[in-house]
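Some notes on the structure that comes next.
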């Protein structure tokens, strides 16, 4: 039933998931692309990026899945889903959990991927989780993924599904280097939490992305406000 | 921030969750009741039971949360959410996974409870998971809950949230006995997977419930077809 050549790739449309997609594509896996949308500020833009990246990697429509998990916004407690809260600007590296934290968000996302993998008979799940995206998100740490894989083994029929985190310990510039080596189309990705036309350049996610490109010595091909 | 007297109780409207609610109520916890609806065949009936049980335990409206997790039906693979599949009748105890299995369903449900608990500052989550409801559901086994609690510890901010499964090792008749001792209003609960007016008496869930009441020597107060 299960097939080790089939893979579910979580593709948010961000840079990290783009590079993971490029990597899994290079492994010649049979790919199902999964996008989770939760009425975050930039939901439409991210959906558009998801589809463009799928087009680029010739993933057919029947292997693309977009699922609305906006029930998360009912629970609230995060500036990504609660429109009454402001997304904070990047305050430098700190151990504070940013206001963009959705409690236990990655478990919801990964559980979706596991359910899909089990239905499709795929043994592998790939996610662009990245430790540097912490400080703060407890569910971006390697220990969290170990615990999740243990849960999957206990909680699924065959116990063969595994979540892979190929860029988890990379710095943003290392992810960009990997993407360059794999010819990843960075111009199709989106990282900004705040804006959908031109990236704000100021939120946590923009700041990390820009710092990565600067370190690599390459221009980020997407447009930023004020340019 | 977190409060060990606050509890999230998962209340499906079924008999097991009713007895768990009665138990947590007896502990004098400050209760948030959470109901997940996923367009299953009997969704409306279960929602009605949820509200009646909340009324009975005087849980105010602002402490009741109903969340639609019908994204599960997009993934399919289960007769509970896929209307093109038939719910199989009870075939006696076996190791076969029943067609009503939703891949990894309990992880979705528990994750919702964890997100809500973190937002509300509740340290405790109670679920009426029951091992006898296996054979088959891998996510009803005690090992699964241990693995989940380990994940919660790793994946939440304070790591203080814990899932409790007070009836997990009980037989249905033992759950009924506990419910009787706690004055649980069984007439407000619903277990049937198939019907919403009178219980079918034949699906897995009805069969286990009826067997439990028979063993206790008490009439089930709800109505069954053909009575």
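Protein chains in written order, with this note's numbering: chain Z, 876 to 1102; chain E, 876 to 1102. Yeah, the Cβ is synthetic: ideal placement off N, Cα and C, and Gly gets one too.
### Check whether residue 1018 of chain Z and residue 1046 of chain Z have beta carbons under 8 Å apart
no
### Contact with chain Z by residue 986 of chain E, beta-carbon distance below 8 Å
yes
#### Entry: Distance, residue 950 of chain Z Cα to residue 1096 of chain E Cα
35 Å
### Query
Is the Cβ of residue 1022 of chain E closer than 8 Å to any Cβ of chain Z?
yes
### Minimum length 3: unbroken beta strand (DSSP E) runs contained in the stretch 1011-1037 of chain E
none
### Query
Roughly how many angstroms lie between the CA atoms of residue 1036 of chain E and residue 906 of chain Z, to the nearest whole one?
36 Å
### Message
Contact criterion: CB-CB distance below 8 Å. Does residue 982 of chain Z meet it with respect to chain E?
### Response
For residue 982 of chain Z, the nearest beta carbon of chain E is closer than 8 Å to its own beta carbon.
### Query
How would you label residue 1058 of chain Z, buried or exposed, when you count the other beta carbons within 10 angstroms and need 16 or more for buried?
exposed
### Task
Kindly indicate which residue of E:1016, E:1032 and E:1012 has the alpha-carbon position closest to the one of residue 994 of chain E.
E:1032
### Chain-order list of residues whose beta-carbon lies under 7 Å from that of residue 911 of chain Z (same chain, five-residue window excluded)
942, 944, 984 and 987
### Task
Drop a sphere of 10 angstroms on the beta-carbon of residue 1089 of chain Z, count the other beta-carbons inside from all chains shown, and report buried for 16 or more, exposed for fewer.
Under this definition residue 1089 of chain Z is an exposed residue.
#### Entry: Interface partners of residue 1058 of chain E on chain Z, CB under 8 Å
None at all; the shortest Cβ gap to chain Z is about 32 Å.
### Where residue 1056 of chain E falls: helix, strand or coil (DSSP)
helix
### Query
Of all the options Z:881, Z:1065 and Z:891, which has the alpha carbon lying nearest to the alpha carbon of residue 1004 of chain Z?
For the residues Z:881, Z:1065 and Z:891, the minimum Cα distance to residue 1004 of chain Z belongs to Z:891.
### Closer than 9 Å at the beta carbon, the chain Z residues around residue 1025 of chain E
1022, 1025 and 1026
#### Entry: Test: residue 1030 of chain E CB closer than 8 Å to a CB of chain Z
yes
### Query
Residue range of the beta strand (DSSP E) that residue 999 of chain E falls in?
Residue 999 of chain E -> beta strand (DSSP E) spans 997-1001.
#### Entry: Selected residue, minimal CA-CA separation from residue 1044 of chain Z, among Z:1056, Z:1026, Z:1020 and Z:1061
Z:1020
### Query
In whole angstroms, what is the alpha-carbon distance linking residue 1080 of chain Z and residue 897 of chain Z?
20 Å
### Message
Just checking: is the beta-carbon of residue 834 of chain E within a distance shorter than 8 Å of some beta-carbon in chain Z?
### Response
Coverage of chain E is limited to positions 876 through 1102, which leaves residue 834 of chain E absent and any answer about it impossible.
### Query
According to DSSP, is residue 882 of chain Z helix, strand or coil?
strand
### Task
Starting from the Cα of residue 1098 of chain E, find the closest Cα among E:926, E:1083 and E:1062 and give me that residue.
Residue 1098 of chain E has its Cα closest to that of E:1062, out of E:926, E:1083 and E:1062.
### Task
Say whether chain E places a C-beta atom closer than 8 Å to the C-beta of residue 1019 of chain Z.
yes
### Task
Compile a chain-ordered list of the residues in the stretch 1036-1058 of chain E whose CB is closer than 7 Å to at least one CB of chain Z.
none
### Task
Keeping to the same chain, check which residues put their C-beta closer than 7 Å to that of residue 1041 of chain E; ignore five residues upstream and five downstream.
895, 898 and 1001
### Task
With DSSP as the reference, please indicate the residues paired to residue 934 of chain Z in a beta bridge.
Residue 934 of chain Z pairs with nothing; no bridge assigned.
### Task
Have a look at the DSSP bridge pairing and note the partners of residue 939 of chain Z.
Partner(s): Z:908.
### Query
Are the C-beta atoms of residue 993 of chain Z and some chain E residue less than 8 Å apart?
yes
### Task
Enumerate in chain order the residues of its own chain whose CB-to-CB distance from residue 1087 of chain Z is below 6 Å, with the five nearest sequence positions on each side excluded.
1047, 1048 and 1051
### Counted within 10 angstroms of its Cβ, other Cβ atoms place residue 1014 of chain Z as buried (16 or more) or exposed
buried
### Per-residue contacts from residue 1014 of chain E into chain Z (C-beta, under 7 Å)
1030
### Message
Could you tell me the alpha carbon to alpha carbon distance between residue 982 of chain E and residue 998 of chain E, rounded to whole angstroms?
### Response
18 Å
### Task
In the DSSP assignment, find the unbroken alpha helix (DSSP H) run with residue 1061 of chain Z in it and report its ends.
Neither: residue 1061 of chain Z is in no alpha helix (DSSP H) and is coded neither H nor E.
### C-beta neighbour in chain Z for residue 938 of chain E, strict 8 Å
no
### Query
Can you tell which of E:920, E:921, E:881 and E:1084 has the C-alpha that lies nearest to the C-alpha of residue 938 of chain E?
E:881
### Message
Once the 5 residues before and after residue 929 of chain Z are set aside, which same chain residues still bring their CB inside 6 Å of it?
### Response
908 and 939
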